[in-house]
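A.B. asks: Chains as they are written, first to last, in this note's numbering: chain A, 5 to 18; chain B, 22 to 278. Sharing a structure with you now.
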């Protein structure tokens, strides 16, 4: 099974 | 004072149709650069970034940077009232809590004003650095839409793999599995029908098809789509908007649990 990653794992809040 | 006149008003209609299912409310930012939007879906898995450059508008007046919070479903409802050939003007006064969409028929015999309430939206703006991608696939947007639709009838996720052989879209589900391979094909007469693959390193990533299918709602905006993949980054699915800018969708990959 796969786990969905979130965008915050790659991008930071400006 | 803000006044943006777009001769190809139907572009804005198409943009709204492309994003309204992914994002409910969003801030449209207006500056001297252009009319832009960056918004995440409610689960923070996908992000849409839109830019319509100021040069693409027939008239572009934006006295100071403005951020206008809009409900995209309501905005789409209003833009649906514009004719396909209508010129659309977006107007807002400084400090106003409304925005006006003005629709003019091409021969100026019908002019309509639709005023929409703005809303306060707390949104997190993400910093997206320029990146080197392992592989960049450019293909007809209709072909990509077809593949996503076909695969989603079999499974929930798609594995996109780029190798020297081409780009492979694979899925598996309860009833079986499916693979679609597209090879580089630049021999066709029309560049918009070609598939090009720029590969620096082989890459294979897994994505939720539900989001991919949502991104393909942007297909009417461009005959080609560019898919940029890197093993360390969300995929970027980009539709160029002729002479104006782009709509880019970012989607975080799924990983083995």
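Ideal Cβ placement from N, Cα and C applies to all residues, glycine included.
1) Between the alpha carbons of residue 257/B and residue 136/B, how many angstroms are there, rounded?
2) Please list, in chain order, the chain A residues whose beta carbon lies closer than 7 Å to that of residue 61/B.
3) Assess contact between the segment 171-186 of chain B and the segment 218-226 of chain B, defined as three or more Cβ pairs (one per stretch) separated by less than 8 Å. Is contact present?
4) Can you confirm whether residue 149/B, when its beta carbon is compared against all beta carbons of chain A, has any partner nearer than 7 Å?
5) Should residue 129/B be labelled buried (16 or more other beta-carbon atoms within 10 Å of its own) or exposed?
6) Using DSSP bridges, identify the partner residues of residue 183/B.
7) Chain D partners of residue 66/B, CB-CB under 7 Å?
8) For the segment 73-85 of chain B against the segment 116-134 of chain B, are there 3 or more C-beta pairs whose distance is under 8 Å?
9) Round the Cβ separation of residue 229/B and residue 177/B to the nearest angstrom and send it over; I've been treating them as touching at under 8 Å.
10) Report the neighbours of residue 274/B on chain A: residues whose CB is nearer than 7 Å to its CB, in chain order.
11) Alpha carbon to alpha carbon, how far is residue 17/A from residue 262/B? Give it in angstroms, no decimals.
12) If we cut at 7 Å on Cβ distances, does residue 284/B have a partner in chain A?
13) What first and last residue would you give for the alpha helix (DSSP H) that runs through residue 171/B?
14) Roughly how many angstroms separate the alpha carbons of residue 66/B and residue 46/B, rounded to a whole number?
15) Any idea which residues DSSP pairs residue 311/B with across the strands?
16) Counting Cβ pairs, one atom from each stretch, are 3 or more of them under 8 Å apart for the segment 99-109 of chain B and the segment 26-45 of chain B?
17) Is there contact between the segment 163-173 of chain B and the segment 184-200 of chain B, where contact requires at least three CB pairs shorter than 8 Å?
18) Who are the near neighbours of residue 273/B in its chain, counting only those whose CB is closer than 6 Å to its CB and skipping five residues on each side?
C.D. replies: Checking against the coordinates, here is how it stands:
1) 34 Å
2) 11
3) yes
4) Residue contact check for residue 149/B against chain A: a CB pair falls below 7 Å.
5) exposed
6) When DSSP reads this structure, residue 183/B sits in a beta bridge with 188/B and 224/B.
7) The structure shown contains no chain D; its protein chains are A and B.
8) no
9) 7 Å
10) 9
11) 27 Å
12) Lying before the first or after the last residue shown, residue 284/B is absent from chain B, which here runs from 22 to 278.
13) Segment 162-173, the alpha helix (DSSP H) holding residue 171/B.
14) 16 Å
15) What is shown of chain B runs 22 to 278, which leaves residue 311/B out entirely.
16) yes
17) yes
18) 66 and 255
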